[in-house]
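The block underneath contains the structure these notes are about, expressed in structure tokens.
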Amino acid sequence: MRLFLLAIATMSATIIGLAQTQNTIDGDKGEIIITPIIHSSAQVEYAGKVIHIDPWSAGDLSNAKPADLILITDDPGHHLDPEAIISLRKPEAPVVLTQTAYSKFSDGIVLANGESGTFADILIEAVGAYDMTPGLPYHPKGEANGYVINLGGKRLFFSGVGECIPEIQALENIDVAVMPMNLPVDRMRPIPVAECVKTFKPSIVYLNHYDRIYAGWLNNPQGEPPPDVQNTPATIETFQNAIAGEGIEFRDAAWYPGR
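Numbering of the sequence shown is given in our numbering, commencing with residue 14 and proceeding in unit increments.
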């Protein structure tokens, strides 16, 4: 009996955990489900279609669903992970990426900044992701993409890593924006990200890519997890306070399991 109750409790905890990490918005033909996985890696589901953005093996992919479409924003390993792509990709599923990523993984389709295309019957728009202010790490123009996913009558923007460039400020009718924070260091901290979001006013905003030190440790977990020297919860709270009263819903999500 104790084993049965323990099994039920474990199952309940698992279900609760999955429910906490899934986020939904209403599409034309049902719910759009956004599931954060790790850092900038996420799964989007709608009407039987599954899209993966930056799948990364450092995250738990055991419950991830096979992909009808994969979008890669950049070429470093936490964005471009061939092992994760191969494990999740359905046969013939398109992989959309940048030219620099294509040089490392050629079984894909290059979409340059400002271009758009329909893949797996889903309209995808590539938005630039780059830095304007010098400093390391530096993201040159043309080497990375953000993506607007047109799905179920909604527009979901997954930003690439970079500063608040004019191409982002010019976005229109964005229902959900997923924005990186705390990188580039000293350029996209909470207040600059909040000011950026205010320029194009998505209905809902998520933050991701904000704890790169812990993400790096997850990729090679030796010893104890690194201390949170930047006080990540405080940076998230600062961002949330900075968009208060703007009519933008902030949704916190579990991008860093175990943190």
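Just so you know, even glycine gets a beta-carbon here, dropped at the ideal spot from N, CA and C.
I need the DSSP call for residue i, collapsed to helix, strand or coil.
i: G121; result: coil
i: S129; result: strand
i: K62; result: strand
i: R225; result: helix
i: Y143; result: coil
i: I51; result: strand
i: I261; result: coil
i: A247; result: helix
i: N195; result: coil
i: K154; result: coil
i: N254; result: helix
i: E105; result: coil
i: A207; result: helix
i: Y115; result: helix
i: N163; result: strand
i: I178; result: coil
i: E138; result: strand
i: I83; result: strand
i: E237; result: coil
Assuming contact is defined by CB atoms lying nearer than 8 Å, are residue i and residue j in contact in what I supplied?
i: A106; j: L124; result: no
i: A114; j: L93; result: yes
i: T248; j: P203; result: yes
i: G155; j: T86; result: no
i: V210; j: I162; result: no
i: P49; j: W230; result: no
i: A77; j: L101; result: yes
i: I135; j: K42; result: no
i: I217; j: D188; result: yes
i: Y160; j: L82; result: no
i: K103; j: P79; result: yes
i: F118; j: I98; result: yes
i: I38; j: K167; result: yes
i: G141; j: I178; result: yes
i: H52; j: A228; result: yes
i: N36; j: A266; result: yes
i: E176; j: M201; result: yes
i: A190; j: P215; result: yes
i: L164; j: G271; result: no
i: A133; j: A207; result: no
Looking only at DSSP bridge pairs, what is residue i linked to?
i: T37; result: I46
i: V218; result: A190 and F263
i: F170; result: V161 and A190
i: L110; result: V123
i: V57; result: I47 and I64
Hey, is residue i close to the ligand SAM, as in C-beta under 7 Å from one of its heavy atoms?
i: P238; result: Here there are no bound small molecules, and the ligand SAM is not part of this structure.
Determine the burial state of residue i: buried for a count of at least 16 other Cβ atoms within 10 Å of its Cβ, exposed for fewer.
i: V242; result: exposed
i: M145; result: exposed
i: Q56; result: buried
i: S54; result: buried
i: Y151; result: exposed
i: D73; result: exposed
i: N195; result: buried
i: E58; result: buried
i: L149; result: exposed
i: P147; result: exposed
i: N186; result: exposed
i: P193; result: buried
i: T212; result: exposed
Using 8 Å for Cβ pairs, my map puts residue i next to residue j. What's the rounded Cβ distance?
i: V109; j: G121; result: 7 Å
i: L220; j: F171; result: Wrong, their Cβ atoms sit about 12 Å apart, outside the cutoff.
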